[in-house]
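Participant: Going down the list, the protein sequences come from chains A and H.
Here our numbering is used: the first residue of the first sequence is 1, the next is one more, and so on.
Here our numbering is used: the first residue of the second sequence is 1001, the next is one more, and so on.
Where is the CB? At the ideal position from N, CA and C, for every residue including glycine.
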Amino acid sequence: MLTHPLVSAEAGTKMLLSGNEAVARAVWEAGCRVAAAYPGTPSTEILENVCLFKDMYSEWSVNEKVSLEVAIGASMAGSRAFCAMKHVGLNVASDALMTQTLAGVGGGLVIAVADDVGFSSSQNEQDSRFWGRFAHLPILEPADSQEAFEMTRLAFGLSEDLDAPVILRMTTRICHVKAMVTVGERHEKAVAGFKKDPDRWVMTPAAAQKRVPWMLQRDRRLKDMANRSGLNRLEQGADKRLGFITSGPAYMHVKEAFPNHPILKMGFSHPLPEREIRALAEQVEKIVVAEEVEPLVEGELKAMGLDVVIHGKDILPEFGELSPANMRGPVAKLLGETYKPPVTIPPVKVFPRPPTMCTACPHLGVFYTLSRVRNIYISGDIGCYTLGAGHPWEALDTCISMGASMGIALGLDKGRGAVDEKKGIVGVIGDSTFLHMGMQGLLDIVYNKGNVTIMLLDNRAVGMTGGQENPGSGRDIHGEEAPRVDFAKLVEALGVRPERIRRVDPYVLPDLFKTVRHEVKQNEPSVILTDQPCVLIDDYDALKPLYVEEDKCTGCANCLDVGCPAILVTKRGKEVKNNGKEVDLAWVKIETSACTGCNLCPDTCAHDAILPFTPVVAEMP
Amino acid sequence: MEADQTTNILVCGIGGQGIMTAAEVLSEAAIATGHDVKKTEVAGMAQRGGVVTSHVRFGEKVFSPVVAAGTADFILGFEAAEGMRWIPHLRPGAAALVNTLRLEPPVVSIGLFDYPEDPVMAIREAGVTCYPFDAGEAARELGNLKLVNSIMLGAVADQLPFGAEVLKKCLLDRFKVRKPKLVDINDQAFEKGRALIRAAAKVC
Ligand code: SF4
Ligand code: SF4
């Protein structure tokens, strides 16, 4: 077997690495021994690469809180420990974080948090730098892959010196940008071992209270470190009319667009390096803060009482990504110059191409069904099945955060007014999401006698992030066999009555229909389990493709409502019905090279026009 | 550092078409010829059939990873309508290299939107030089649709400051390590791409 280049690269090798890959290599080089994460864009690839290094322990945890807890435990045991998550993941993990900051660390503890600046695939855009302020922790902000690599290595030592967890704040443009990195070698760290110290590790109110003065003392050391850190550097520039303060990838955009102005680049951005800031303020007339998501530094700067005018979100984009292009205009205006944007070709009108479920996805039949069952409200969740909100199904009514489908379904049930009395309430959740945060919600539904039907769509993977393993997949992060949770037993243990736990093959539409219709009529919690693998994982076996027999296709277009991308329209038309109503027709074909013969669409065709590609020869009686 | 010292390439298409791999090979060739490189992709839910673009920038020193609108030296379109979608990213006078393959998404199949009748015409009407070629058909002739990627790389090869041979070597080296049996056929696909674009240029 070939060793992955990230693992085999010798010290001094120059590689083109994404920020996520660079962090993974650095975690290993720093002598880290335990790393954990739950997959989440844009942070997923960090652990996918960490797990290539077989001389450290790595795992997919069920959620971010658990991943941080695992890392905390390892740190207490004296090992260097690491966990990675996306921004919303830290909301989940914050409970552990806010206490651990009082306890401090054993071995260095580093938390990489990836903010999805620009909403590439998240339910919100939030600024993780706040956690540094909130939890009294240092924030390191790399601006490219090389810095991500160096700061990660450094963060472990910083964590040990300071006796605090360290947050490495990444953003999409760090995680997913590939740039050149020169790698080093691994430094093994002796494991100090667990030292009993109940005053630190047992956070009773009394113990916690005693730690607060210690933490405030640490804040002073932290401030001093930020002031002296080489990660904050003032770059000189001839044009003193304006200076920039920036961090993360925003620095790269500033550097590209305004190379002649002084720039304070902050890599260690919380607490603020006051000394450098004042040094910049003394030489320029105005300061522009270029920061992504919140005007956090801007507010703190204004509170410092500097003698210069501070600009930030008043002229730059208030949300989304910064770029050289969207900063040039506002900054020119500030300088009283006119800015001529590059001549661009006006956009041409092209249809939107929203993401959609894969060809033959086991969720297709579920959403086809849900879009056709009347009188139900559908509470959705985070995962591929969020796409059920889109065309052609439009079969989700809510989706807020990971695991929330359960509680929201119960809330819809308990909060319903008379008008909704006859409605059925369905919660849709995937296997991994259920294990991440859904279980507790289902327990609450059972306990509080909610009248909802839960569809637990088990596709044995975290589908949306690329098919990672979880306790439902029967494999661990290395693809090795692992105990597989039995969802029927699990939901029974949570209190769902065995009669109300139903298994359905999501590729058999009539069964899906019958089961959903029947279960929403029950007056107690019920769970419908589907179990077919995600088409992107190895468990999925493609069958023989199907085709559409042209003569038999009437153009009814019903099969298109399945939403399988392999079904294509060949011709459109209109027909006037007997009652004078005009209906749209669409004749279809199946892209045989894409169809995997999942056999879902034939059930939607009343005219038996969809047939196996190699026609079956009927046996003689 | 002026922006025009940097070469800006926008590779565009649909999730699953191999956009990222193509961008990766372009980057490797740039590294091999001594450039600083940045590469990024914009792919919300990449594997789910959505729009994917990859930005490749190389030069002496590259800061921002993003190819801004109006600055791309060329776009490499893996699908006709996607090529059309991204033409505002081109700088004036730059060209679009577009695979004429049409991939209709479900929103088109169910009749919510129309697929443009003639994307190449639409690109030209917008004032952009377009070199269209059918990489899908060529790949089919060579026996595998997956070869589209190598054909696309061949098509762009002669436009690069460092010449086609470096790019081809980077492409084939990948196969040498992972799938030695496929080196020859990808070599052919690459050359096919070069030939196709030359033919397209002659007609234009
Ligand atoms: S990745 Fe898996 S779960 Fe997601 S849409 Fe595709 S087949 Fe369905
Ligand atoms: S059988 Fe129908 S639904 Fe299934 S993959 Fe083929 S075209 Fe799609």
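Ignore the nearest five residues each way along the sequence and tell me which others in Glu-1002 of chain H's own chain have a CB closer than 7 Å to its CB.
Facilitator: In the second sequence, residue 1002 of chain H corresponds to position 2, counting from 1. Low local confidence applies: a pLDDT of 41 at Glu-1002 of chain H is under 50, so the model's placement there is unreliable, with the coordinate-based value given in what follows. Around Glu-1002 of chain H: no qualifying Cβ.
Participant: Do Arg-129 of chain A and Leu-296 of chain A come within 7 Å of each other at the CB atom, strictly closer than that value?
Facilitator: Numbered from its first residue, the first sequence carries residue 296 of chain A at position 296. Numbered from its first residue, the first sequence carries residue 129 of chain A at position 129. Going by C-beta atoms, Leu-296 of chain A is nearer than 7 Å to Arg-129 of chain A.
Participant: Please go through the same chain and pick out, in chain order, the residues whose beta-carbon is closer than 6 Å to the beta-carbon of Lys-571 of chain A, but skip the five residues on each side of it.
Facilitator: Residue 571 of chain A sits at position 571 when you count from the first residue of the first sequence. The answer, listed in chain order, is Trp-587.
Participant: Is the CB-CB distance between Ala-84 of chain A and Ser-43 of chain A below 7 Å?
Facilitator: Along the first sequence, one-based indexing puts residue 84 of chain A at 84. Along the first sequence, one-based indexing puts residue 43 of chain A at 43. Result yes, Cβ atoms of Ala-84 of chain A and Ser-43 of chain A sit closer than 7 Å.
Participant: Determine, for Glu-1117 of chain H, whether the minimum Cβ-Cβ distance to residues of chain A falls below 7 Å.
Facilitator: Numbered from 1 along the second sequence, position 117 holds the residue referred to as residue 1117 of chain H. It does not: the Cβ of Glu-1117 of chain H has no partner Cβ on chain A nearer than 7 Å.
Participant: Are the C-beta atoms of Lys-1169 of chain H and some chain A residue less than 7 Å apart?
Facilitator: By 1-based counting over the second sequence, the position of residue 1169 of chain H is 169. Not closer than 7 Å to any Cβ of chain A, the Cβ of Lys-1169 of chain H fails to qualify, so no.
Participant: If distances are taken between C-alpha atoms only, which option among A:Leu-600, A:Pro-362 and A:Pro-138 comes closest to Asp-622 of chain A?
Facilitator: Since the first and last residues shown for chain A are 1 and 621, residue 622 of chain A lies out of range.
Participant: For His-518 of chain A, return the contacting residues in chain H, with the cut-off set at a CB-CB distance below 7 Å.
Facilitator: Within the first sequence, the letter at position 518 stands for residue 518 of chain A. Near His-518 of chain A there are no residues of chain H at all, since even the closest Cβ is about 29 Å away, more than 7 Å.
Participant: Within 7 Å (strictly less), CB to CB, does Arg-460 of chain A reach chain H?
Facilitator: Position 460 of the first sequence, counted from the start, is the residue given in the question as residue 460 of chain A. Chain H, which has no Cβ nearer than 7 Å to the Cβ of Arg-460 of chain A, makes this no.
Participant: For Lys-589 of chain A, name the three-state secondary structure that DSSP assigns.
Facilitator: Against the first sequence, residue 589 of chain A aligns to sequence position 589. DSSP places Lys-589 of chain A in strand when its eight states are reduced to three.
Participant: Cβ atoms of Ile-382 of chain A and Met-402 of chain A: under 7 Å apart, would you say?
Facilitator: Within the first sequence, residue 402 of chain A is the residue found at index 402, counting from 1. Within the first sequence, residue 382 of chain A is the residue found at index 382, counting from 1. Contact: yes.
Participant: Can you check whether the CB of Val-92 of chain A is closer than 7 Å to the CB of Asn-63 of chain A?
Facilitator: What you label residue 63 of chain A is simply residue 63 of the first sequence in a count that begins at 1. What you label residue 92 of chain A is simply residue 92 of the first sequence in a count that begins at 1. Cβ atoms of Asn-63 of chain A and Val-92 of chain A: closer than 7 Å.
Participant: Give, in chain order, every unbroken run of the beta strand (DSSP E) that is at least 3 residues long and sits entirely within the region 31-96 of chain A.
Facilitator: Qualifying beta strand (DSSP E) stretches, in chain order: 34-37, 57-60 and 81-86.
Participant: Quick check on Asp-116 of chain A: does DSSP put it in helix, strand or coil?
Facilitator: Position 116 of the first sequence, counting from 1, holds the residue named residue 116 of chain A. Asp-116 of chain A falls in the coil class under three-state DSSP.
Participant: Sort out for me which residues DSSP pairs Leu-168 of chain A with in a bridge.
Facilitator: Walking along the first sequence from the start, residue 168 of chain A turns up at place 168. DSSP lists A:Ala-112 and A:Leu-140 as partners of Leu-168 of chain A.
Participant: Report all residues from its chain with a CB closer than 6 Å to the CB of Gln-1017 of chain H; omit the five preceding and five following residues, and keep chain order.
Facilitator: As a position in the second sequence, residue 1017 of chain H is number 17, starting the count at 1. Taken in chain order, the residues that qualify are Phe-1078.
Participant: Near Pro-271 of chain A, which residues of its chain fall below 7 Å by C-beta distance, leaving aside the five closest residues on each side in sequence?
Facilitator: Residue 271 of chain A sits at position 271 when you count from the first residue of the first sequence. Excluding positions up to five away in sequence, the list reads Leu-222, Lys-223 and Ala-226.
Participant: In three-state terms, what does DSSP make of Gly-407 of chain A?
Facilitator: The residue you call residue 407 of chain A lines up with position 407 of the first sequence. Gly-407 of chain A falls in the helix class under three-state DSSP.
Participant: With 7 Å as the threshold, decide whether the Cβ of Met-1084 of chain H is near any Cβ in chain A.
Facilitator: As a working mapping, residue 1084 of chain H is identified with position 84 in the second sequence. Yes - at least one Cβ of chain A is within 7 Å of the one on Met-1084 of chain H.
Participant: Along the chain, where does the alpha helix (DSSP H) containing Leu-1010 of chain H start, and where does it finish?
Facilitator: Here the question's residue 1010 of chain H lines up with position 10 in the second sequence. No alpha helix (DSSP H) contains Leu-1010 of chain H, which is instead part of the beta strand (DSSP E) from 1007-1014.
Participant: Assign Thr-570 of chain A to one of three DSSP states: helix, strand, or coil.
Facilitator: Working through the first sequence from its first residue, we reach residue 570 of chain A at position 570. Note: Thr-570 of chain A maps to strand in three-state DSSP.
Participant: Using only the alpha-carbon positions, how far apart do Asp-239 of chain A and Arg-328 of chain A sit?
Facilitator: On the first sequence, position 239 is the one that residue 239 of chain A refers to. On the first sequence, position 328 is the one that residue 328 of chain A refers to. Approximately 15 Å between the Cα atoms of the pair.
Participant: Examine chain H for any beta-carbon lying closer than 7 Å to the beta-carbon of Ala-606 of chain A, and answer yes or no.
Facilitator: Here residue 606 of chain A is taken as the residue at index 606 of the first sequence, counted from 1. No, no contact with chain H.
Participant: For the region 549-571 of chain A, enumerate the residues whose C-beta is nearer than 9 Å to any C-beta of chain H, in chain order.
Facilitator: Cβ contacts with chain H: Ala-557, Leu-560, Asp-561, Gly-563, Cys-564, Pro-565, Ile-567, Leu-568 and Val-569.
Participant: What residue range is occupied by the uninterrupted beta strand (DSSP E) comprising Asn-1149 of chain H?
Facilitator: Translated into positions along the second sequence, residue 1149 of chain H becomes position 149. Run containing Asn-1149 of chain H: none in the beta strand (DSSP E); it sits in the alpha helix (DSSP H), 1148-1157.
Participant: Nearest CA to the CA of Ala-1157 of chain H: which residue from H:Gly-1070, H:Phe-1074, H:Val-1037 and H:Glu-1041?
Facilitator: Here residue 1157 of chain H is taken as the residue at index 157 of the second sequence, counted from 1. Ranking the options by Cα distance to Ala-1157 of chain H, first place goes to H:Phe-1074.
Participant: Under 8 Å between beta-carbons, which chain D residues line up against Phe-1058 of chain H? List them in chain order, please.
Facilitator: In the displayed structure, chain D is absent; the protein chains listed are A and H.
Participant: Output yes if chain A places a C-beta closer than 7 Å to the C-beta of Phe-1113 of chain H; else output no.
Facilitator: Within the second sequence, the letter at position 113 stands for residue 1113 of chain H. Yes, Phe-1113 of chain H counts as interfacial toward chain A.
Participant: At a cut-off of 6 Å, would you count Cys-384 of chain A as near ligand 2, judging by its Cβ distance to the nearest heavy atom?
Facilitator: Walking along the first sequence from the start, residue 384 of chain A turns up at place 384. The answer is no for Cys-384 of chain A.
Participant: Cβ of Phe-1162 of chain H less than 7 Å from any chain A Cβ?
Facilitator: Taking the second sequence and counting its residues from 1, one reaches residue 1162 of chain H at position 162. Chain A, which has no Cβ nearer than 7 Å to the Cβ of Phe-1162 of chain H, makes this no.
Participant: Taking the straight line between their C-alpha atoms, what separation do you get for Leu-1182 of chain H and Thr-1100 of chain H?
Facilitator: For this step, residue 1182 of chain H is matched to residue 182 along the second sequence. For this step, residue 1100 of chain H is matched to residue 100 along the second sequence. Each residue's alpha carbon lies about 25 Å from the other.
Participant: What residues from chain A crowd round Glu-967 of chain H, counting only those whose CB sits closer than 9 Å?
Facilitator: Because chain H is modelled from 1001 through 1204, residue 967 of chain H falls outside the range shown and cannot be assessed.
Participant: Around ligand 2, which residues pass a check of Cβ closer than 6 Å to any of its heavy atoms?
Facilitator: Ordered along the chain, the selected set is A:Thr-359, A:Ala-360, A:Leu-546, A:Val-562, A:Cys-564, A:Ala-566, A:Ile-567, A:Ile-590, A:Cys-595, A:Thr-596, A:Gly-597, A:Cys-598, A:Asn-599, A:Leu-600 and A:Cys-601.
Participant: Whole angstroms are fine: how far does the CA of Asn-523 of chain A sit from the CA of Gly-417 of chain A?
Facilitator: Residue mapping note: residue 417 of chain A aligns to position 417 of the first sequence, counting from 1. Residue mapping note: residue 523 of chain A aligns to position 523 of the first sequence, counting from 1. Going by the C-alpha atoms only, they are around 17 Å apart.
Participant: If you draw a straight line from the alpha carbon of Pro-621 of chain A to that of Asp-431 of chain A, how long is it in whole angstroms?
Facilitator: Looking up residue 621 of chain A in the first sequence gives position 621. Looking up residue 431 of chain A in the first sequence gives position 431. Note that Pro-621 of chain A has pLDDT 48, beneath the 50 cutoff, so the model's placement of it is unreliable and the number below is only indicative. Approximately 46 Å between the Cα atoms of the pair.
Participant: Taking the straight line between their C-alpha atoms, what separation do you get for Glu-575 of chain A and Cys-556 of chain A?
Facilitator: For the purposes of this step, residue 575 of chain A is taken as the residue at position 575 of the first sequence. For the purposes of this step, residue 556 of chain A is taken as the residue at position 556 of the first sequence. The alpha-carbon atoms of Glu-575 of chain A and Cys-556 of chain A are separated by roughly 10 Å.
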